[in-house]
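Participant:
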Amino acid sequence: MIGHGAPNSGTQDTAETILVVDHVSKSYLPTGSGGVVFRALSDVSLRAAKNEFITVLGPSGCGKTTLLRLIAGFERPSRGRVLFEGVEVRSPGADRVVVFQQPGLYPWLSVRDNIAFGLRLASSRRHRRRGSIPSSVQAIDRREADDAKENGPATWSWRRPKPDWDKVDETIAIVGLKGFEKRPPYELSGGMQQRAALARALVMSPRLLLMDEPFGALDAHTRPAMQEFLLELWDKLRATIVFVTHDVYEAILLGDRVVVMTPGPGRVADEMTVNIPRPRHEAVEETDHFRSLRNKAIGTLRGDMGDLGVGSQTAGPVSLVATELPIEFHRRNGTSP
Ligand SMILES: Nc1ncnc2c1ncn2[C@@H]1O[C@H](COP(=O)(O)OP(=O)(O)OP(=O)(O)O)[C@@H](O)[C@H]1O
Ligand SMILES: [Mg+2]
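Start counting the sequence shown at 0; every next residue gets the next number (numbering that gives the first Met the number 0).
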């Protein structure tokens, strides 16, 4: 069984909107494009309520990762804006944490130290602001990397501020990695590595969890187990999740709402509410509601693209008016917006 909450409890808890993507467009000037601007996203709008589980479904190249990067604050929109808890997103923040397709764990750190990494950085920043860290964290990390090559996974140095180890260990228990704390990541299975990556995000107590095809690299047996695990976790934590996938089944199984995106340029083509009670079992696939949602999603994707799985090839370059270029582009190139 998957999840143990009330039906669609993510939307029933509160109607409070915490995320607003407001008419966002994003354009790039790709390398070697000869000045032809590429429009990755066009006029994308979406909202997420507190504790809602939203899935973003779309084929390769439709701008899913771009959308997550804008929400995370890694990049700024060319047009429109992203608001989190009513405040415009201008940079990354510990309240919005991303889990990527590849776990991206540091091989020279133990599982426990990997999970503590974000907390350490956050407290390093606090210490640095107070002027109590004499050398840069990066320099320490380089020494640590060299040391790890000789001696295996590193342990914490007395030089740096200590993270909240109780919280780290609690999170390790939540993701079921107790007993593996001291292992280097390469001694874990793919599913365990992804759970460690999830723990590294959860330990920051994010109010918004952004997940970019986190189970895409897992095998067919591990993937359903991780889907089940994530929903049980979400049921306990009650964070808001925006989960990106190109898998129609996964999008419907997990989400309170499915946002269907199509490419060329990336935009929201449809939004579907999933009225399947939780906990959800794999057998929900056999229900009429699931079938009708799946057919609707496939119809939207096919209708727009001719065929499923066709990606960035269809999203060709688009000439744009200069006002859609990011400010950084104008600054770098001496042009005016
Ligand atoms: N920094 C960049 N410069 C130029 N083009 C970019 C940049 N980042 C993304 N793009 C383009 O924007 C489009 C959308 O990319 P994005 O990574 O968001 O797609 P996606 O939906 O996440 O695809 P996938 O499912 O394969 O991960 C792609 O055509 C990509 O080449
Ligand atoms: Mg992507």
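By construction, the Cβ of each residue, glycine as well, lies at the ideal position given by its N, Cα and C atoms.
A quick note: this is a predicted structure, and the numbers were derived from the prediction, not measured.
Could you say if the stretch 244–255 and the stretch 42–58 meet the contact criterion of at least three C-beta pairs nearer than 8 Å?
Facilitator: Output reads yes: the stretch 42–58 touches the stretch 244–255.
Participant: Alpha carbon to alpha carbon, what distance is there between Pro162 and Ala238?
Facilitator: Going from the Cα of Ala238 to the Cα of Pro162 covers about 22 Å.
Participant: At what residues does the beta strand (DSSP E) containing Val241 begin and finish?
Facilitator: Thr239 to Thr244 is the extent of the beta strand (DSSP E) around Val241.
Participant: Would you kindly check if the distance between the Cβ of Arg46 and the Cβ of Pro205 is under 8 Å?
Facilitator: No.
Participant: Here's the rule I'm using: 16 or more other beta-carbon atoms within 10 Å means buried, otherwise exposed. How should Pro106 be labelled?
Facilitator: Its Cβ having fewer than 16 others within 10 Å, Pro106 is exposed.
Participant: Spatial neighbours of Thr16 within its chain, please: CB distance less than 6 Å, with the 5 preceding and 5 following residues excluded, ordered by chain position.
Facilitator: Here the set comprises Arg46 and Ala48.
Participant: Could you say which of Asp168, Ala172 and His288 lies nearest to Ala115 if we only look at CA atoms?
Facilitator: Measuring from the Cα of Ala115, the nearest candidate turns out to be Asp168.
Participant: Pro262: buried (16+ other C-beta within 10 angstroms of its C-beta) or exposed?
Facilitator: Buried: at least 16 other Cβ atoms inside 10 Å.
Participant: Kindly identify the DSSP beta-bridge partner or partners of Ser24.
Facilitator: Note: Ser24 sits in a beta bridge opposite Arg78.
Participant: Under 8 Å by Cβ, that's how I've got Val258 and Val247 pegged, so tell me the actual separation to the nearest angstrom.
Facilitator: Between Val247 and Val258 the Cβ distance is about 13 Å, and since that is not below 8 Å, they are no contact.
Participant: Out of Asp234, Arg194, Val243 and Leu201, state which residue places its alpha-carbon closest to the alpha-carbon of Ala224.
Facilitator: Ala224 has its Cα closest to that of Arg194, out of Asp234, Arg194, Val243 and Leu201.
Participant: Using a threshold of 7 Å, is the CB atom of Asp211 nearer than that to any non-hydrogen atom of ligand 4?
Facilitator: For the structure depicted, ligand 4 is absent and the ligand set comprises only ligand 1 and ligand 2.
Participant: Could you tell me if the beta carbon of Thr65 falls within a distance shorter than 7 Å of some heavy atom in ligand 1?
Facilitator: Result yes, Cβ under 7 Å from ligand 1.
Participant: Just how far apart, CA to CA, sit Asn294 and Asp269?
Facilitator: Cα to Cα, the separation comes out at about 13 Å.
Participant: Any heavy atom of ligand 1 closer than 7 Å to the beta-carbon of Gly33?
Facilitator: It does not: the Cβ of Gly33 is nowhere closer than 7 Å to a heavy atom of ligand 1.
Participant: Does the Cβ of Ala39 lie closer than 7 Å to at least one heavy atom of ligand 1?
Facilitator: Under cutoff, so the answer is yes.
Participant: If contact is defined by three or more beta carbon pairs under 8 Å, each pair taking one atom from either stretch, is the stretch 172–182 in contact with the stretch 67–81?
Facilitator: Too few Cβ pairs lie closer than 8 Å, so no.
Participant: Quick one: using the 10 Å Cβ neighbour count with 16 as the cut-off for buried, is Pro264 buried or exposed?
Facilitator: Pro264 comes out buried.
Participant: As a quick exercise: from Glu186, Pro184 and Val241, pick the residue whose alpha carbon is nearest that of Ile70.
Facilitator: The candidate whose alpha carbon is nearest that of Ile70 is Val241.
Participant: For the beta strand (DSSP E) that contains Met225, what are its first and last residues?
Facilitator: Here Met225 belongs to no beta strand (DSSP E); instead the alpha helix (DSSP H) covers Thr221 to Leu236.
Participant: Since Leu187 contacts Val110 with CB under 8 Å, what's their CB separation in whole angstroms?
Facilitator: The pair is a contact, with the Cβ atoms about 7 Å apart (cut-off 8 Å).
Participant: Would Ile114 count as contacting chain D if we go by Cβ distances under 8 Å?
Facilitator: The question asks about chain D, but that chain is absent: this structure has only one protein chain.
Participant: I need the boundaries of the beta strand (DSSP E) containing Val259, first residue and last residue.
Facilitator: First-last of the beta strand (DSSP E) with Val259: Arg256 to Thr261.
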